[in-house]
Amino acid sequence: MSIIYWNCVVIIITIVSHTSGDTWQQVASHPSWKKLESFECGFSAADRIIGGLNAALGQFPWILRLGYTLEGEDDLDWMCGGVLVTDRHVVTAAHCVKTADDGIKLVSIRAGEYDTRTDPDCQTGVCAPPLQDRQVKAIRSHASFNKPPFHNDIAIIELDSPLDLNDYVAPICLPQQDQLTDLRIGELVTAAGWGKMNMSTDQRADILQYVSLPVLKPESCGFFGKGFKVEKSEICAGSQRNKDACGGDSGGPLMKIFDTAEGPKSFLVGVVSFGPTVCGIKKPGVYTSIPYFIKWILDNIA
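Letter 50 of the sequence shown, counting from 1, is numbered 50 in the numbering used here, and no numbers are missing.
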């Protein structure tokens, strides 16, 4: 079966973290952790999840769109997703930023998006502030991306200037303490984006979407080929008909809500990486584990 990187995704997924007992000690003492603590993270402006596949306005204020220029064209193409972790740092998939050989260049991000047809976005009489675009200042891909093939699919984007944080543009929390421990197979987490709406066409969603999928045993993703094996740095999830991450939102977040002393918050647990070339056919996909790369992330937002 062919393999495709998902370039725009919408999902809810569980993750199996692979961290040791002393990882939190390394994280808690990291200089970048104090930077993260200066931001209010993980709160949603939406009171609840709305039924169906449409997200609520402000439900996922950390989700961003990545804008690319194509050789010979002036308009931006929004081909990947990302997730805000500070006011100027974005976590995404490495394959979303390694585009120079294709005549495609990542140049900007867009924050505060909900309905791609309108600006500002409004729902039930409430309107969000106008969209915010920022230019890409620096890109830091994992040094071992694609070594071996398809692994270590993670990158950090630094913006040219900080975003103005509000209820509709806000960072997600990074996992800490108990959130770095293993999650159960079959548990659900959330992913969201503007991915394909139909398995047989290239039509993308206008309104931010989400879907829930179960985490599976690593060997469930063995169908990608004899040479491929899900490592500790990855999660295998999905395998439900018509519920899938699909073309259009690679690099988007996988999220899980944890109870905290300040109330329920959303935490980043994974990044959409790749899956089968045909979506929604009861085949799982592969996601980059954030707990596994937590120290690498902290090193690269310093």
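Glycine included, each C-beta is placed from N, C-alpha and C at the ideal position. As the structure is a computational prediction, the values presented were derived from the model and not from experiment.
Asked: Tell me whether Ala261 is buried or exposed, calling it buried when 16 or more other Cβ atoms sit within 10 Å of its Cβ.; Found: exposed
Asked: Within 10 angstroms of its Cβ, does Val211 collect 16 or more other Cβ (buried), or is it exposed?; Found: buried
Asked: Along the chain, where does the beta strand (DSSP E) containing Glu158 start, and where does it finish?; Found: 155-159
Asked: Less than 8 angstroms between CB atoms is the rule here; does Ala191 satisfy it with respect to chain B?; Found: Considering every chain present, this structure includes no chain B. It has just one protein chain.
Asked: Are the CB atoms of Met255 and Val271 nearer to each other than 8 angstroms?; Found: no
Asked: Once DSSP output is grouped into helix, strand and coil, what is the label at Ala237?; Found: strand
Asked: Would you check if the distance between the CB atom of Leu66 and the CB atom of Met79 is smaller than 8 angstroms?; Found: yes
Asked: In terms of residues, what are the limits of the beta strand (DSSP E) holding Ser289?; Found: 284-289
Asked: Considering only the beta carbon of each residue, do Gly238 and Gly81 sit closer than 8 angstroms?; Found: no
Asked: From the DSSP output, in three-state form, read off Ala56 for me.; Found: coil
Asked: Please report how far the alpha carbon of Pro284 lies from the alpha carbon of Glu234, in whole angstroms.; Found: 13 angstroms
Asked: My guess is that Val97 and Ile139 are in contact by the Cβ rule of under 8 angstroms, so how many angstroms apart are they, rounded?; Found: 5 angstroms
Asked: Can you tell me the Cα-Cα spacing of Asp299 and Ser32, whole angstroms?; Found: 7 angstroms
Asked: From which residue to which residue does the alpha helix (DSSP H) around Lys34 run?; Found: 31-37
Asked: Give me, in chain order, the residues of the same chain whose beta-carbon lies closer than 6 angstroms to that of Ile50; leave out the 5 immediate sequence neighbours on both sides.; Found: Because the pLDDT at Ile50 is just 26, under 50, the model does not fix this residue reliably, and the point stays unresolved.
Asked: How would you label Glu113, buried or exposed, when you count the other beta carbons within 10 angstroms and need 16 or more for buried?; Found: buried
Asked: So, under 8 angstroms CB-CB, Val136 and Ser161 are touching, yes? Tell me the CB distance rounded to an integer number of Å.; Found: Not really, about 11 angstroms apart at Cβ, beyond 8 angstroms.
Asked: Leaving out the 5 sequence neighbours to the left and right, which residues in its chain are closer than 6 angstroms to Ser44 when beta-carbon positions are compared?; Found: Gln59
Asked: What's the C-alpha gap between Thr118 and Leu131?; Found: 10 angstroms
Asked: How is Trp194 classed by DSSP in three states: helix, strand or coil?; Found: coil
Asked: How long is the line joining the alpha carbons of Val169 and Arg88, rounded to whole angstroms?; Found: 11 angstroms
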